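Read through the structure below, which is laid out as structure tokens, and then see the notes.
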Amino acid sequence: MLTGKNILIGITGGIAAYKICELIRIYKKANANVRVVLTPNALNFVTKLTLQTLSNSEVYVENFEIDEYKPEHIALTEADIFVIAPASANTISKLANGICDNLLLSTACAFNRPILIAPAMNTNMWNNPFVQENISKLSNNGYHILEPASGFLACGTTGIGRMREIDDIFAKTVEILGQKLKGKKILITAGGTKEKIDPVRYISNSSSGKMGLALADIAYSMGAEVTLISTFKADKGYRTILAETALEMEKAVKENLADQDCVIMTAAVADYRVKAPAEQKIKKESTDNLTLELVKNPDILKDISKMERKSIIVGFCAESENLIENAKIKIQNKGCDYLVANDISRKDIGFNSNENEVYILDKNLNIQHIEKDSKINIAKQILERVFE
Ligand SMILES: Cc1cc2nc3c(=O)[nH]c(=O)nc-3n(C[C@H](O)[C@H](O)[C@H](O)COP(=O)(O)O)c2cc1C
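Here the sequence shown stands for residues 39 to 426, numbered as in the numbering used here.
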């Protein structure tokens with residue numbers, strides 16, 4: 039099931055660490071390659087020798103006494119998934135705050151593929167509000183959390199906090215690496231276009247590009263071949279193209295359209311551009327009144343939706359009133375397959391926020407409501423709906 043997959047296991051200082059010996063065995067049985075990194079505290083619970091023997095590989099703990107510089111935290115990120123189990127309250131809280139004071143944490147910080155964590159701790163620790171806040175932070179940033187179960191705990195009490203069974207961790211790994219979008223090509227646009235006035239000034243809008251970036255990241259982690267066309271520079275593991283203006287975006291979209299299974303247009307493309315941007319910086323002394331003549335930009339979503347095509351086309355719309363009614367008119371006018379509607383009158387979601395709440399309309403005007411959630415989780419649900 040996991041043939042050829044490279045799995046990095048991270049073990050932290052909890053009693054459940056001994057169970058990971060069995061997890062290594064079943065990963066290996068499923069033909070995965072396994073490497074293990076431990077926090078120094080985890081060494082109190084399991085030995086390097088056992089883990090080395092079971093994984094048939096070197097086992098890593100921070101070691102600064104090395105002869106030559108080997109950035110192990112970067113080399114270790116070359117795995118398909120990082121499974122941190124058991125995940126202690128301490129490590130969870132450090133992960134959620136970007137702390138990198140051991141090799142496991144530095145590796146997680148540099149890891150740009152799926153991370154699965156299986157927390158295990160005493161019930162009061164699990165219920166601690168700081169721990170809960172940190173769990174939410176990780177979940178909202180794309181971490182997969184296998185929430186602990188209730189049962190008898192090593193500390194002698196009964197309650198929530200028990201690490202999920204090894205079989206559950208295995209099944210979740212298979213599900214994540216199942217890569218539902220493997221073989222799919224997805225083109226995503228993101229950001230607000232910048233329509234030049236002169237070499238240093240432009241007209242733009244409040245779109246942050248976060249929703250498009252979340253879609254691209256999630257599509258990539260689900261195995262898709264992603265091309266992101268954005269109005270800002272993005273340094274990602276997938277293909278990115280910079281297109282700042284509506285005309286540049288139109289060109290980039292049309293040049294990369296062939297063979298795409300899906301095109302998702304989250305970019306806020308300006309409706310108008312300056313007809314004749316100045317070649318040199320406009321001097322304040324040159325005039326008291328400056329009039330800019332604007333001309334209409336192409337409607338990229340409408341144009342590509344009307345073309346003969348095999349790709350699914352998903353548009354986004356931002357409305358400040360009558361969200362659903364306007365969205366219904368828009369999907370019919372644009373001719374795309376799905377339209378994701380955001381309510382921009384709300385201050386708690388949408389533009390520049392890390393959260394969103396959307397409605398997905400299809401061509402038959404069926405409407406699916408996705409409740410307020412992180413943009414990462416919204417992105418996942420949009421992709422699942424579109425590729426249903
Ligand atoms: C016997 C023993 C068992 C422990 N079990 C757990 C546990 O299950 N979960 C947890 O969060 N902390 C547990 N701790 C506390 C952690 O080991 C401690 O918070 C440590 O700082 C974790 O470090 P690490 O996250 O860097 O591995 C335990 C400590 C001891 C002494």
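Glycine residues also receive a C-beta, built at the ideal position from the N, C-alpha and C atoms.
As the structure is a prediction and not an experimental result, all values here were calculated from the model.
Under 8 Å by Cβ, that's how I've got residue i and residue j pegged, so tell me the actual separation to the nearest angstrom.
i, j, result
"M201", "A158", "3 Å"
"L295", "I342", "6 Å"
"A187", "I224", "The pair is not a contact, with the Cβ atoms about 35 Å apart (cut-off 8 Å)."
"G275", "N71", "Not really, about 19 Å apart at Cβ, beyond 8 Å."
"G250", "T227", "6 Å"
"T231", "A305", "7 Å"
"I256", "A417", "4 Å"
"C300", "K222", "7 Å"
"V312", "L330", "5 Å"
"I49", "V74", "7 Å"
"L421", "L253", "7 Å"
"V264", "M287", "In fact, because the Cβ distance is near 17 Å, the residues do not count as touching under 8 Å."
"K319", "P237", "6 Å"
"Q217", "M260", "6 Å"
"L154", "K210", "6 Å"
Among all the DSSP beta bridges, which residues are the ones paired with residue i?
i, result
"T265", "L225, R277"
"P152", "Per DSSP, none; premise fails for P152."
"F120", "L46, I153"
"S126", "Per DSSP, none; premise fails for S126."
"C300", "I224, I350"
"A306", "G230"
"I241", "E233"
"V312", "L332"
"Y98", "V75"
Could you tell me whether the Cβ atoms of residue i and residue j are closer together than 8 Å?
i, j, result
"Y98", "E116", "no"
"V121", "I53", "no"
"L431", "F354", "A query on residue 431 cannot be resolved here, the shown segment of the chain reaching from 39 to 426 and no further."
"E393", "K413", "yes"
"A148", "P124", "no"
"V333", "Y310", "yes"
"W164", "I198", "yes"
"N140", "E100", "yes"
"I382", "E357", "yes"
"V84", "Y65", "no"
"G61", "F168", "Rather than Gly, the amino acid found at residue 61 in this sequence is Leu. Cβ atoms of L61 and F168: not closer than 8 Å."
"L176", "D206", "no"
"V212", "L81", "no"
"I338", "M303", "yes"
"I26", "L215", "Residue 26 lies beyond the residue range present for the chain, which begins at 39 and ends at 426; the question has no answer from this structure."
"T77", "T129", "yes"
"A379", "N335", "no"
"L280", "K271", "yes"
"K132", "L143", "yes"
"K269", "G229", "The question names Lys, but residue 269 is Thr in the sequence shown. Contact flag set, yes."
"L377", "I367", "no"
"A79", "G51", "Note that residue 79 is Asn in the sequence shown here, rather than Ala. Yes, the pair counts as a contact, with Cβ atoms nearer than the cut-off."
"I235", "A316", "yes"
"D375", "K401", "yes"
*Give, in chain order, every unbroken run of the alpha helix (DSSP H) that is at least 4 residues long and sits entirely within the stretch 320–367.*
DSSP runs (the alpha helix (DSSP H)) wholly in the stretch 320–367: 338–344.
*What residue ranges within the stretch 153–238 form continuous beta strand (DSSP E) runs of no fewer than 3 residues, ordered along the chain?*
Fully enclosed beta strand (DSSP E) runs of no fewer than 3 residues occupy 153–157, 187–190, 196–200, 223–228 of the stretch 153–238, in order along the chain.
*Entirely within the stretch 365–425 and at least 4 residues each: give me those alpha helix (DSSP H) ranges in chain order.*
List check, alpha helix (DSSP H) in window: 413–424.
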